[in-house]
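Report on the following structure.
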Amino acid sequence: MGILDLTAVELGEKIRIGEVGVEEALETVAERIQEREEKLRCYVTLDLEGARAKARLLQKRIQDGEASGPLAGVPFAVKDNLCTKGVRTTCGSRILEGFVPPYDATVVHNLEKAGALILGKTNLDEFGMGNTTERSLAGATHNPWDEERSAGGSSGGSAAAVASGECFAALGTDTGGSIRQPASHCGLVGLKPTYGTVSRYGLIAYCSSMDQAGSITKDVKDCAAVMEAIASYDEKDATSIKRDALDLQSALTEGVRGLRIGIPKDYFGRELQPEVEHAIRAAAEELKAQGAIVEEFELGFVRYAVPTYYTIACAEASSNLERYDGMKYGLREAGKDLHDTYRQTRAKGFGEEVKRRIMLGTFSLSEGYYEQYYLKAMKARRLIKNSFDEAFQSYDLLLGPVAPTTAPHLGAMGEDPIQAYLADIYTVPANLAGIPAMSLPCGRDRQWLPIGLQLMANRFQERTIFRAAAAWEKAFYGFQRAKLGQHDK
935 MGILDLTAVE LGEKIRIGEV GVEEALETVA ERIQEREEKL RCYVTLDLEG
985 ARAKARLLQK RIQDGEASGP LAGVPFAVKD NLCTKGVRTT CGSRILEGFV
1035 PPYDATVVHN LEKAGALILG KTNLDEFGMG NTTERSLAGA THNPWDEERS
1085 AGGSSGGSAA AVASGECFAA LGTDTGGSIR QPASHCGLVG LKPTYGTVSR
1135 YGLIAYCSSM DQAGSITKDV KDCAAVMEAI ASYDEKDATS IKRDALDLQS
1185 ALTEGVRGLR IGIPKDYFGR ELQPEVEHAI RAAAEELKAQ GAIVEEFELG
1235 FVRYAVPTYY TIACAEASSN LERYDGMKYG LREAGKDLHD TYRQTRAKGF
1285 GEEVKRRIML GTFSLSEGYY EQYYLKAMKA RRLIKNSFDE AFQSYDLLLG
1335 PVAPTTAPHL GAMGEDPIQA YLADIYTVPA NLAGIPAMSL PCGRDRQWLP
1385 IGLQLMANRF QERTIFRAAA AWEKAFYGFQ RAKLGQHDK
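The opening residue of the sequence shown carries number 935 in the numbering used here; numbering runs sequentially from there.
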């Protein structure tokens, strides 16, 4: 088994006992990046020289016993909307093309504190607004399983980097499914934790009430290790929640016997690809065979999730993005006067999708329309949250698909934004409710493209998700460890 075939935790163990050096692991990944990056475009910015300098120091810390965690020495990537001190952070936008933060995001700080080696910043849809990673300053990210298809989004660069071996694990952010959906399309494990579990300090805001950092990994054990490392209370983040230290590793062996799992009938509509439905139902039967109690039920109000999400998200985006005026940082286009400078800078700095969402958000917050749109969406959000609260009185977990289809061809969404928005139908409810949700590999379609299974639990019940995820993965073991491009059709 080569280095690239290892999971993050396996590599960390080999580094700890001296079987693999930190620099050896780094150079192995650097070679893979050189081989595949030109076609895949996983990264916006690479900092391999900085990583090499840190690798030498990190190797000594590991040998001296100062860095002994499961991720020490493991090469990671970070989504390019998380601030990194001294390394440019663009959000995939021209308006921040030259921005270099003077500080690290707390989640990045926590990851480096755990001994991870950060290689660079991964591609994303501009400001996280998209689900294909096509709307980016750096161009589209391609899916490692089929380079003509999307890697998903907006954390598509992070997912493609992990799937292709250009890093061992990555940080992403999830506002409406932006971790889970690309993880699904690339055959990986992606977790959006309970809102407030991971600090948002240094996460460049799109929709503050739903943005949440999380991880994309090769398997469930890696996911548990990363979450234990990055979750923390942060007084610099007003939405951060004080929780006991996450103990997720111990949940991996508990099994699912006695767990009550609900399958929302609302998640199995006509838009669902038949192969995806078959794989999801087969996974449910496997968990049932392992002792879980599985039944279908009506979740309710989920049909309103997409319009509710986009109304609220666009409204918050219009507020959050008003700070980009060319005065303090980023792009500045010269105008005839101050207001013309604002207009020129924003017109040339923002892409079409960002402009669309700013306009929609400004409209929904404007006088005469606030109650008709934004206030109504906030009421609908409460009803959706209440539906989940009621469901979790009867069930420990909810199970369903991540996306209606497997990875689409690049450009397939065309110029119709509504078509793209509807692809988020199964992921946005968890963000509206603030609950944890995970994407897991659960099969392939006829084109050998990955299919994702989604598990959702009540707030602060990540352990329950990890129990079921580990049980399912054990039954389905081997899929996410398969060598890229080597499969038996």
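Where is the CB? At the ideal position from N, CA and C, for every residue including glycine.
In this text, all values refer to a predicted model and were calculated from it rather than measured experimentally.
Would you report the Cα separation of residue 1131 and residue 1029, rounded to the nearest angstrom? Translated into positions along the sequence shown, residue 1131 becomes position 197. Translated into positions along the sequence shown, residue 1029 becomes position 95. Roughly 30 Å separates the two Cα atoms.
Which term fits residue 1197, buried or exposed, when burial requires 16 or more other beta carbons within 10 angstroms of its beta carbon? The residue labelled residue 1197 in the question sits at position 263 within the sequence shown. Buried is the call here.
How big is the Cα-Cα spacing for residue 1082 and residue 1270? The sequence position of residue 1082 within the sequence shown is 148, counting from 1. The sequence position of residue 1270 within the sequence shown is 336, counting from 1. Rounded to whole angstroms, residue 1082 to residue 1270 spans 44 Å at the Cα level.
Can you list, in chain order, the residues of its chain whose CB lies under 6 Å from that of residue 902, leaving out five sequence neighbours each side? With the chain covering only 935 through 1423, there is no way to say anything about residue 902.
Three or more beta-carbon pairs under 8 Å between the stretch 1005–1012 and the stretch 1108–1128, yes or no? no
Per-residue DSSP class, three states only, for residue 1198: Stepping through the sequence shown from its first residue, residue 1198 is reached at position 264. Strand, per DSSP.
Quick check on residue 1297: does DSSP put it in helix, strand or coil? The residue you call residue 1297 lines up with position 363 of the sequence shown. Helix, per DSSP.
For residue 982, which of helix, strand or coil comes out of DSSP? Along the sequence shown, read from residue 1 onward, the residue named residue 982 stands at position 48. In the structure shown, residue 982 sits in a helix (DSSP, three-state: H, G or I).
DSSP bridge partner residues for residue 1124 (one or two, in chain order): Stepping through the sequence shown from its first residue, residue 1124 is reached at position 190. Its beta-bridge partners are 1150 and 1373.
State the start and end residues of the unbroken beta strand (DSSP E) segment that holds residue 1313. Translated into the one-based positions of the sequence shown, residue 1313 becomes position 379. Here residue 1313 belongs to no beta strand (DSSP E); instead the alpha helix (DSSP H) covers 1310–1328.
Grouping DSSP H, G and I as helix and E and B as strand, with all else coil, what is residue 1078? Position 144 of the sequence shown, counted from the first residue, corresponds to residue 1078. Of the three classes helix, strand and coil, the one that applies to residue 1078 here is coil, per DSSP.
Helix, strand or coil for residue 1095? Go by DSSP, reduced to three states. Translated into positions along the sequence shown, residue 1095 becomes position 161. Three-state DSSP puts residue 1095 in a helix.
Determine the direct distance from the alpha carbon of residue 1407 to that of residue 1421, and round the result to whole angstroms. Taking the sequence shown and counting its residues from 1, the one referred to as residue 1421 is at position 487. Taking the sequence shown and counting its residues from 1, the one referred to as residue 1407 is at position 473. Its pLDDT being 39, under 50, residue 1421 is placed unreliably by the model, and the measurement read from it follows with that caveat. Spanning the two alpha carbons is a distance of roughly 18 Å.
Tell me which residue opens and which closes the alpha helix (DSSP H) that residue 949 is part of. Start at 1 with the first residue of the sequence shown, and residue 949 comes out as number 15. Residue 949 -> alpha helix (DSSP H) spans 942–950.
Identify, in the order they occur along the chain, each residue of the same chain with its Cβ nearer than 7 Å to the Cβ of residue 1334, setting aside the five sequence neighbours on each side. Taking the sequence shown and counting its residues from 1, one reaches residue 1334 at position 400. 1197, 1198, 1201, 1214, 1360 and 1388, listed in sequence order.
For residue 877, which three-state DSSP category applies? Nothing about residue 877 can be reported from this structure: the residues present for the chain run from 935 to 1423 only.
By how many angstroms is the C-alpha of residue 1167 removed from the C-alpha of residue 1400? For this step, residue 1400 is matched to residue 466 along the sequence shown. For this step, residue 1167 is matched to residue 233 along the sequence shown. Roughly 21 Å between the two C-alpha positions.
Could you tell me the boundaries of the alpha helix (DSSP H) in which residue 973 lies? On the sequence shown, position 39 is the one that residue 973 refers to. Looking at the DSSP string, the run of the alpha helix (DSSP H) that includes residue 973 is 956–974.
Taking only the alpha-carbon atoms, compute the straight-line gap between residue 1002 and residue 1045 and give it to the nearest angstrom. For the purposes of this step, residue 1002 is taken as residue 68 along the sequence shown, with counting starting at 1. For the purposes of this step, residue 1045 is taken as residue 111 along the sequence shown, with counting starting at 1. Cα to Cα, residue 1002 sits roughly 13 Å from residue 1045.
Among 1039, 997, 1053 and 1076, the one whose alpha carbon lies nearest that of residue 970: Position 36 of the sequence shown, counting from 1, holds the residue named residue 970. Comparing Cα positions, the closest option is 1076.
Return the bridge partner residues of residue 1060 from the DSSP annotation. Residue numbering aside, residue 1060 sits at position 126 when the sequence shown is read from its first letter. According to DSSP, residue 1060 bridges with nothing at all.
Please classify residue 936: is it buried, with 16 or more other beta-carbons within 10 angstroms of its beta-carbon, or exposed? As a position in the sequence shown, residue 936 is number 2, starting the count at 1. With fewer than 16 other Cβ atoms within 10 Å, it is exposed.
Can you tell me whether DSSP reads residue 1177 as helix, strand or coil? As a position in the sequence shown, residue 1177 is number 243, starting the count at 1. It is coil, neither helix nor strand.
Stretch-stretch touch, CB-based, cutoff 8 Å, three pairs: the stretch 1219–1238 with the stretch 1276–1283: no
Residue environment, residue 1316, which counts as buried when at least 16 other CB atoms sit within 10 Å: Start at 1 with the first residue of the sequence shown, and residue 1316 comes out as number 382. Residue 1316 comes out exposed.
Determine the contact status of residue 1090 and residue 1107, defining contact as a CB-CB distance below 8 Å. The residue you call residue 1090 lines up with position 156 of the sequence shown. The residue you call residue 1107 lines up with position 173 of the sequence shown. Not a contact, by the Cβ cut-off of 8 Å.
Where does residue 1268 fall in DSSP's three states? Counting from one through the sequence shown, the residue named residue 1268 turns up at place 334. DSSP places residue 1268 in coil when its eight states are reduced to three.
According to DSSP, is residue 1243 part of a helix, a strand, or is it coil? In the sequence shown, the residue the question calls residue 1243 occupies position 309. Reduced to three states, the DSSP call for residue 1243 is helix.
Go through its chain and collect everything with a Cβ distance to residue 1231's Cβ below 8 Å, but skip five positions before and after it. Here residue 1231 corresponds to residue number 297 of the sequence shown, with the count starting at 1. Closer than 8 Å at Cβ, skipping near neighbours: 1196, 1197, 1198, 1199, 1325, 1328 and 1329.
Kindly indicate which three-state DSSP category residue 1336 falls into: helix, strand or coil? Numbered from its first residue, the sequence shown carries residue 1336 at position 402. Correct three-state label for residue 1336: coil.
Does the Cβ-Cβ distance between residue 992 and residue 1051 come in under 8 Å? Here residue 992 refers to the residue found at position 58 of the sequence shown. Here residue 1051 refers to the residue found at position 117 of the sequence shown. Contact flag set, yes.
Can you find the residues in the same chain that come closer than 8 Å, C-beta to C-beta, to residue 1318, ignoring five residues on each side of it along the sequence? Residue numbering aside, residue 1318 sits at position 384 when the sequence shown is read from its first letter. 1235, 1236, 1238, 1239, 1242, 1363, 1366 and 1367, listed in sequence order.
Give me the Cα-Cα distance between residue 1283 and residue 1057, rounded to the nearest whole angstrom. Taking the first residue of the sequence shown as 1, we reach residue 1283 at position 349. Taking the first residue of the sequence shown as 1, we reach residue 1057 at position 123. Using only the alpha carbons, I get a separation of about 17 Å.
Cβ shell of residue 1226 (< 6 Å), same chain only, five flanking positions each side left out: Within the sequence shown, numbered from 1, the residue matching residue 1226 stands at position 292. Excluding sequence neighbours, residue 1226 sits near 1190, 1193 and 1195.
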